[in-house]
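Take a look at the structure below.
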Amino acid sequence: MTRLSAQNLPGNIQSYSYDREAVGTGIVHFGIGNFHRAHQAVYVEDLLERGDMRWGITGVSLRSASMRDLLAPQDYLYALAILGETTSYRVIGAIKGVLVAPQEPQAVIDLLAQSATQLVSTTITEKGYSLASGAVDFEHPSLKAEAASLDNPTSIYGFLARGIILRSQQEATSKLTIMCCDNISAGGEILKSGVEHLLTLHDPDALAWAEDNVSFISSMVDRVSPATDDALREAVFKDTGQEDASPVSAEPFSQWIIEDNFAGERPDFDKVGADFVGDIAPFERMKLRYLNCAHTIASTLGYLSGDKYVHESLARPNLLKFMRQALYQNVLPNAAVPTGYDGDGYIQDVFGRFQNGNLPYANLQVGTDSSQKIQQRWFPTIDQALANKTDTSYFEFCVAAWVIFIQSALEKGVLNDPKKSVFAQVDTENLEQIISSYLTIANAEQFTFFSDAVFMASVTRHAKDIQAKGIKRAIVNFLDGCA
Ligand code: CS2
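In C-alpha cells, the structure reads:
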C-alpha cells in the first residue's frame, strides 16, 4: 500500500500546486488536531496557492506524539474529505512539521522566538486554558508549577512565556500576534492574562517588551469536523488509492472571523474567505450561545435517547421541536447577534447543518469535556434570561438532562471529561445534592441561576422525571406542559 503523497492521485482529487520546499514557517500552531486541519490549515493552504509562501504551519502538540507519528511518514500531507451531498477530497500540504512539546521543549521555544514566526495560534480545547469561571485558574497545578519555575513549561502559558522571553532577547525589533481559535469567549484576553502573569513573576523586562510588541487576539471559528474513524480511512483509501493514516473530514460550511489587531504581519486571510473585524465579541457570543449551545443540547438529549450521531437525534421530531423552541424562546431573546445577522436565519442555518446525514458527528464527541463547555454555552444565557425575566424552562430541562448524562456516561464508562474523577467522587443518592455537586464542578456557583430556588427546583423535578420515565417520555411531558 502506498502512503499518501501528491503523486499518482486520481484526477478528481484536488492537491497542492505550489512548491512545498519554498514554504516558510510563519505560523506556529498549538493543538494540531482535526479541527485545525479541517479549518485554519485550509485557509493557509489557499494563501499558499495564491503564492504567498510565508505562512506554512509548524504544529505543536502539548501532550501526545500521535499526530506527529501518524503524519511524519507521509510528509505531513493529509486528505480532507468534505462531506456534503457528495464527498470531495483535497490533499493539504500547509503543515510543514509537528513538534511534540514534552519531547523537544527547546525546539518549540526557539521557534516561537524566530522572527519569521509572525503568528502563533491555538486550538487546545476548552480544558487547555485551565479556566475557572471564564478566567485563568492560577491555582491549577501546571500554572502553580510554572509560577514557581519556568524551567520545564507544560501549559500553553508556560511555552508562550518562555518563547516571548527568548524573542525579547534575540529578536527585539520583531512583532508577534498570538491568536486563540477555540470555542471560548475572549480567548485572546485569556491567553494574555496567563502569559502576563508568568512574565510578571519571571521576567518584567520581557513583560514590558511584550506590551509593545505582542498582541493577543480572539477569533470565531466554525466548521463541524468529526473524529477520524476507520470508515473514513477506508473511504479515503478507496477513493484515492493511497493510505492516509490520519485523514480528516468536515462539513462543506466554514467560517472564520478574526479580531483585527495584529502586532506582527497579517496574513491575507480576508482574501481566502475569512473576515477581519474590530469587535469580535458579538461573533463569539453568537457562535457559543446559538450553535455550540444547540450542539450540546442535541448531544445531551440525543445521547440519552440512544443515538450515536447528532443528525440521528435531529431526526427525532420531539427532540427537534424541543431544540427549536429552546433556541427561539430561551436563547434568542437573551443573546444579541452581530449587526447584519438575523438570529432566526442563523438558527435555521445551524439546524440545517446539524441535519447533514452524511456527517457522522458523534453525540459523545460533543459530550466530551461538557463540564468545561456548558459554562460557556448555556450558563451566561440562563443568567441573562433571569435578569431579563424571560423564560428559562428549556434550560431547566437541559441542565437536568446534563446531570443525568454525566451519571449515565460515568456508569457506562464512556465519560470523557477532565473532571471525571471529581464527578466520580460525588457519593450520594440524593438527587438534589448530585445536581448541586455536578453543577459546582462545572463552575455554576459563579452564576445567579445556581442560587435561584425556583430554577433549581425545576431542574430537580425534570431530573426525577428523566430518571423515572426516560428522556423520550420526559421530553414529551415537557412539551405537553408547554403546549
Ligand atoms: C462542538 C464543536 O464538539 C463540540 O463541542 O459543539 O466542536 C462544533 O462542532 C464546532 O465548534 C463547530 O464549529
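For what it's worth, the working numbering labels the leading residue of the sequence shown as 440, then goes sequentially.
Don't be surprised by glycine CBs; every beta carbon is placed ideally from N, CA and C.
Residue i, buried or exposed, once every other Cβ within 10 Å from all chains shown has been counted against 16
i: D866; result: exposed
i: E868; result: exposed
i: V530; result: buried
i: Q872; result: exposed
i: T525; result: exposed
i: K851; result: exposed
i: V893; result: exposed
i: R912; result: exposed
i: G523; result: exposed
i: A920; result: For clarity, residue 920 is Gly in the given sequence; the question names Ala instead. Flag for G920 reads exposed.
i: N795; result: buried
i: G626; result: buried
i: E698; result: buried
i: Q823; result: buried
i: K726; result: buried
i: A670; result: exposed
i: Y602; result: Position check: residue 602 holds Gly in this sequence, whereas Tyr was assumed. The residue in question, G602, is buried, as its Cβ has 16 or more Cβ neighbours within 10 Å.
i: D508; result: exposed
i: S503; result: exposed
Alpha carbon of residue i to alpha carbon of residue j, nearest angstrom
i: Q971; j: Q609; result: Nothing can be reported for residue 971, as the shown portion of the chain is limited to 440 through 922.
i: Y517; j: Q542; result: 23 Å
i: V539; j: L551; result: 14 Å
i: F708; j: A649; result: 24 Å
i: Y877; j: A902; result: 13 Å
i: Q513; j: Y482; result: 21 Å
i: A520; j: V805; result: 20 Å
i: I813; j: L870; result: 20 Å
i: T441; j: G532; result: 17 Å
i: L637; j: K535; result: 30 Å
i: Y729; j: I786; result: 7 Å
i: A713; j: G909; result: 43 Å
i: S624; j: T887; result: 19 Å
i: A840; j: T829; result: 21 Å
i: Q453; j: V915; result: 47 Å
i: F701; j: P580; result: 31 Å
i: V842; j: I874; result: 6 Å
i: Q885; j: S560; result: 29 Å
i: V776; j: A600; result: 35 Å
i: C619; j: T899; result: 37 Å
i: Q479; j: A826; result: 37 Å
i: A611; j: A555; result: 13 Å
i: V660; j: S860; result: 30 Å
i: P799; j: E673; result: 15 Å
i: M506; j: S658; result: 24 Å
i: G633; j: D576; result: 9 Å
i: I736; j: Q446; result: 44 Å
Beta-carbon proximity list for residue i, same chain, < 8 Å, skipping 5 on both sides
i: A863; result: L849
i: D808; result: T564, E565, K566, N855, D856 and P857
i: V853; result: L803
i: V711; result: Y482, D485, L486 and R489
i: A461; result: M492
i: E635; result: L646 and A649
i: L740; result: S752, L758, F761, M762, C837, A840, I910 and I914
i: L448; result: S454, V530, T679, G680 and Q681
i: I595; result: F469, L501, T561, I563, G567, Y568, L630 and G633
Sequence-distant residues of the same chain with beta carbon closer than 7 Å to residue i, five excluded per side
i: E704; result: Q557
i: V547; result: V499, L538, A540 and F598
i: V789; result: Y729, L730 and A733
Cβ-Cβ separation, residue j to residue i (assumed contact under 8 Å), whole Å
i: D621; j: T562; result: 6 Å
i: L510; j: S685; result: 6 Å
i: N652; j: L615; result: 7 Å
i: S810; j: A754; result: In fact, because the Cβ distance is near 28 Å, the residues do not count as touching under 8 Å.
i: F844; j: L743; result: 6 Å
Residue i: CB within 7 Å of a non-hydrogen atom of ligand 2
i: K812; result: Absent from the structure shown: ligand 2. Ligands present: ligand 1.
Cut-off 6 Å between Cβ atoms - residues of its own chain near residue i, not counting five sequence neighbours on either side
i: I466; result: W494, I496 and L558
i: Y833; result: A765 and N769
i: D718; result: none
i: V675; result: A518, D683 and P686
i: L443; result: Q513, L516, Q681 and D683
i: G450; result: none
i: S654; result: T616, N700 and A702
i: K631; result: F655
i: T593; result: S581
i: S607; result: A645 and W648
i: W695; result: V660 and A713
(request) Tell me, please, whether the segment 815-824 touches the segment 747-766 by the rule of three or more beta-carbon pairs shorter than 8 Å. (result) Cβ pair count under 8 Å is below three, so no.
(request) Please confirm if the segment 765-772 is in contact with the segment 782-791, defined as three or more CB-CB distances below 8 Å between the two stretches. (result) Cβ pair count under 8 Å is three or more, so yes.
(message) Count Cβ pairs between the segment 738-749 and the segment 688-695 that sit closer than 8 Å; are there 3 or more?
(response) In short, these stretches do not touch, since the Cβ pair count stays below three.
(message) I'd like to know if the segment 585-601 and the segment 630-646 are in contact, where contact means that at least 3 CB-CB pairs between them fall below 8 Å.
(response) Enough Cβ pairs lie closer than 8 Å, so yes.
(message) Counting beta carbon pairs with one atom in the segment 653-664 and one in the segment 470-478, are three or more of them shorter than 8 Å?
(response) Cβ pair count under 8 Å is three or more, so yes.
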